[in-house]
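Visitor: If you read the sequence shown in my numbering, its first letter stands for residue 22, the second for the next number, and so on. Where is the CB? At the ideal position from N, CA and C, for every residue including glycine. Encoded as structure tokens, here's the structure I'll be asking about.
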Amino acid sequence: MARSPIALGLASGRSRPLNAGRLVNLYAEQAAAGSITQWVLYGTPGQKTFATVGSGTIRAGREALGYAYVLSGQSVYRVDSSGNSLICTGDTPVATGTAMMTDNGVQVGMLVGTDVFYITGTTVTKVTDADFPATGALSIDYIDGFGVLNTNATTGQWFLSGLLDFSTYAALDFATAESSPDGLLRVLANHKEVWLFGSKSIEVWTDTGSTPFPFTQIPGSLMDRGIGASLSAILMDNSVFWLGNDRIIYRANGYQPMRISTHAVEEVLRSGTVSDAFAMTHVIGGHHFYVLTLPTLARTLCFDAATQLWHERQYGTDVSNAAWNVNCIFTAFGKTLAGTMAGGVYELDLDTYLDGTTQIRRAVTSMPLYPNGNRGILKEVEMECELGVGLNTGQGSSPQAMLRMSKDGGRTFGNYKTATLGATGITRNRAHWHQLGMFRDGVVELSIADPVKVAIYGANYELEQLVN
22 MARSPIALGL ASGRSRPLNA GRLVNLYAEQ AAAGSITQWV LYGTPGQKTF
72 ATVGSGTIRA GREALGYAYV LSGQSVYRVD SSGNSLICTG DTPVATGTAM
122 MTDNGVQVGM LVGTDVFYIT GTTVTKVTDA DFPATGALSI DYIDGFGVLN
172 TNATTGQWFL SGLLDFSTYA ALDFATAESS PDGLLRVLAN HKEVWLFGSK
222 SIEVWTDTGS TPFPFTQIPG SLMDRGIGAS LSAILMDNSV FWLGNDRIIY
272 RANGYQPMRI STHAVEEVLR SGTVSDAFAM THVIGGHHFY VLTLPTLART
322 LCFDAATQLW HERQYGTDVS NAAWNVNCIF TAFGKTLAGT MAGGVYELDL
372 DTYLDGTTQI RRAVTSMPLY PNGNRGILKE VEMECELGVG LNTGQGSSPQ
422 AMLRMSKDGG RTFGNYKTAT LGATGITRNR AHWHQLGMFR DGVVELSIAD
472 PVKVAIYGAN YELEQLVN
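And the structure:
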């Protein structure tokens, strides 16, 4: 048998038979020198229950003032390090719309819809200051003691809160992004800078202490690239990431947009609504992940800054496209916490192999098996992986790997065939399949849905070419 390279990321583009490679709930990591292979595919983190806060969708979360504050539906909860929660009282946010949280070390600032609230202790208060814009706000962040916000998308106007006070605003604390007449969709604080995202351009301001408005645009910071989804902009790995107005995903290199999406990713983004996309980030095992969920397209794309590779996240075991169920990610108490679309706060954990109580389907679609234009017979496939990973009892005590094959370049797949991964400590098994049939454009998908550790090293194929 010959070892064939496994797919390391999302490669399926406009022509699937060209390359149908795809990772779902798996990410690639380069192995140390001297390992049995150059790359390994690991399972993405599962969701370990941390706290139950109401019954609504977790819309935003933030560690601040010694607690985690969480917006569940229309209710705000204060959660301690043990997962105990206390509902906050006061004003009630709207049920729909954007939800964002930040803090100034004294208060939590929260945007819901176009309303802004401040939270002290367990009291939620809506901002009613006379100088707060009647149209409300579109985004909120914090820098140098000030809350930073922007008004409606047409004016290009942004403004500051009072010093260490999200409740107060002054008529002179307003400015306008004027480099391009494209309005203003998002403000984002990046270290000592404020990034102003318009639909066609981006400009960057910094605190110079000037009066009456303390921020000034940085010369040479104008970028002729806008944002295609206001909630796609986020900080990660000491840089700014966003989905551009040209449906390309960028990472800032200084004040230059640097393309990080591939043609395969851009094929996903090419058509349909992307303006509702929202980004999250998390760091685990030395990997910084930029996670972009596209609700209308029912896809979640994930970029790994450590490898520059893309994979997908999904919820559940459905083989069709399905977005991940996580709605927000934030760090608190030394943990990476995730709020889900069905309610509940979970810790993202590499040693947890379920999303709550739901199985996680992890799948790798191979690169093409192409017998040089001839017909081929696939006599055997062996998945090289960590074996003996079964649990002591219950689901996963006899874990199975599943294989299905496509004979038309990945357009359609046949039925599943299973092979055992071995019960606990049983490491001499081989996960392999025999007599998989004849084809011209072959693709193999390998998947595991049992709640066990997944580490895939590669695949071996025994392929016989037939002379036409």
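So what's Pro278 in DSSP terms, helix, strand or just coil?
Guide: By one-based count along the sequence shown, residue 278 stands at place 257. Three-state result, Pro278: strand.
Visitor: Helix or strand or just coil, what does DSSP make of Ala359?
Guide: If you number the sequence shown from 1, residue 359 lands on position 338. Of the three classes helix, strand and coil, the one that applies to Ala359 here is strand, per DSSP.
Visitor: Apply the 10 Å Cβ neighbour rule to Glu485 and answer buried if 16 or more other Cβ atoms are within range, or exposed otherwise.
Guide: Here residue 485 refers to the residue found at position 464 when the sequence shown is read from its first residue. It is exposed - the Cβ of Glu485 has fewer than 16 other Cβ atoms within 10 Å.
Visitor: In the structure shown, what three-state DSSP assignment does Leu243 receive?
Guide: Here residue 243 is taken as the residue at index 222 of the sequence shown, counted from 1. Three-state DSSP puts Leu243 in coil, outside helix and strand.
Visitor: Using 8 Å for Cβ pairs, my map puts Ser253 next to Ala298. What's the rounded Cβ distance?
Guide: Numbered from its first residue, the sequence shown carries residue 253 at position 232. Numbered from its first residue, the sequence shown carries residue 298 at position 277. Confirmed, about 5 Å.
Visitor: Which runs of the beta strand (DSSP E) at least 3 residues long sit entirely within the region 179-246? Give them in chain order.
Guide: 195-197, 207-211, 214-218, 223-228 and 236-238
Visitor: Whether or not the region 364-372 and the region 66-75 are in contact is what I'm after, with contact meaning three or more pairs of Cβ atoms, one per stretch, closer than 8 Å; do they touch?
Guide: yes
Visitor: Can the beta-carbon of Ile140 be found less than 8 Å from the beta-carbon of Val169?
Guide: The residue you call residue 140 lines up with position 119 of the sequence shown. The residue you call residue 169 lines up with position 148 of the sequence shown. Cβ distance not < 8 Å, so Ile140 and Val169 don't count as in contact.
Visitor: Suppose only complete runs of 3+ residues qualify. What are the beta strand (DSSP E) ranges in the region 66-103, listed by chain order?
Guide: 67-72, 79-85, 88-93 and 96-100
Visitor: Below 8 Å, can you find three or more Cβ-Cβ pairs linking the region 397-406 to the region 441-458?
Guide: yes
Visitor: Going by beta carbon distance, what residues of the same chain come within less than 7 Å of Thr65, once the five residues before and after it are set aside?
Guide: In the sequence shown, the residue the question calls residue 65 occupies position 44. Cβ within range, chain order: Asn46, Leu47, Tyr48 and Arg334.
Visitor: In whole angstroms, what is the alpha-carbon distance linking Lys438 and Arg80?
Guide: Along the sequence shown, one-based indexing puts residue 438 at 417. Along the sequence shown, one-based indexing puts residue 80 at 59. Lys438 and Arg80: Cα-Cα distance of roughly 40 Å.
Visitor: Where Pro278 and Gly183 are concerned, what is the direct C-alpha to C-alpha distance, given to the nearest angstrom?
Guide: The residue you call residue 278 lines up with position 257 of the sequence shown. The residue you call residue 183 lines up with position 162 of the sequence shown. So the two alpha carbons sit approximately 32 Å from each other.
Visitor: Taking the alpha-carbon positions, what's the Leu206 to Ile447 distance?
Guide: Translated into positions along the sequence shown, residue 206 becomes position 185. Translated into positions along the sequence shown, residue 447 becomes position 426. Cα to Cα, Leu206 sits roughly 56 Å from Ile447.
Visitor: Buried or exposed, going by whether 16 or more other CB atoms sit within 10 Å of the CB of Met426?
Guide: By one-based count along the sequence shown, residue 426 stands at place 405. Buried: at least 16 other Cβ atoms inside 10 Å.
Visitor: Once you ignore the five residues that flank Glu288 on each side, which residues in its own chain have a CB closer than 7 Å to its CB?
Guide: Translated into the one-based positions of the sequence shown, residue 288 becomes position 267. In the same chain as Glu288, and ignoring 5 residues on each side of it, the C-beta atoms closer than 7 Å to its own belong to Gly34 and Arg35, in chain order.
Visitor: Which same chain residues, not among the five before or five after Ser468, have their C-beta less than 7 Å away from its C-beta?
Guide: If you number the sequence shown from 1, residue 468 lands on position 447. Correct list, in chain order: Arg382, Arg383, Ala384 and Met423.
Visitor: Indicate whether Val137 and Ile161 have their beta-carbon atoms separated by less than 8 Å.
Guide: Your numbering for residue 137 matches position 116 in the sequence shown. Your numbering for residue 161 matches position 140 in the sequence shown. Contact: yes.
Visitor: So within the region 360-428, which uninterrupted alpha helix (DSSP H) runs reach at least 4 residues, ignoring any that extend past its ends?
Guide: Secondary structure within the region 360-428: not one fully enclosed alpha helix (DSSP H) run of 4 or more consecutive residues is present.
Visitor: Quick one: what's got a C-beta closer than 7 Å to Gln59's C-beta in the same chain, skipping five residues either side?
Guide: What you label residue 59 is simply residue 38 of the sequence shown in a count that begins at 1. Gln51 and Ala52, listed in sequence order.
Visitor: I'd like to know whether the C-beta atoms of His284 and Gly30 end up nearer to each other than 8 Å.
Guide: Counting from 1 along the sequence shown, the entry for residue 284 is found at position 263. Counting from 1 along the sequence shown, the entry for residue 30 is found at position 9. No; because the gap between Cβ atoms is not below 8 Å, this pair is not in contact.
Visitor: Mapping the DSSP letters down to three states, classify Arg272 as helix, strand or coil.
Guide: Residue mapping note: residue 272 aligns to position 251 of the sequence shown, counting from 1. Reduced to three states, the DSSP call for Arg272 is strand.
Visitor: Buried or exposed, going by whether 16 or more other CB atoms sit within 10 Å of the CB of Pro202?
Guide: Counted from its first residue, the sequence shown places residue 202 at position 181. It counts as exposed.
Visitor: Can you check which of these residues, Asp152, Val115, Thr321 and Gly411, is closest to Tyr374 by C-alpha distance?
Guide: Position 353 of the sequence shown, counted from the first residue, corresponds to residue 374. Among Asp152, Val115, Thr321 and Gly411, the Cα nearest to that of Tyr374 belongs to Gly411.
Visitor: From Val91, Asp376 and Val473, pick the residue whose C-alpha is nearest to that of Pro420; which is it?
Guide: For this step, residue 420 is matched to residue 399 along the sequence shown. The residue with the shortest Cα to Cα distance from Pro420 is Val473.
Visitor: Can Arg246 and Asn274 be called in contact, C-beta distance under 8 Å?
Guide: One-based indexing of the sequence shown puts residue 246 at position 225. One-based indexing of the sequence shown puts residue 274 at position 253. The Cβ atoms of Arg246 and Asn274 lie no closer than 8 Å to each other.
Visitor: What are the boundary residues of the alpha helix (DSSP H) that Val289 is part of?
Guide: Mapped onto the sequence shown, residue 289 falls at position 268. Taken as a continuous stretch (DSSP letters only), the alpha helix (DSSP H) holding Val289 covers His284 to Leu290.
Visitor: Tell me, please, which residues DSSP counts as bridged to Phe138.
Guide: As a working mapping, residue 138 is identified with position 117 in the sequence shown. Phe138 pairs with Met131 and Lys147.
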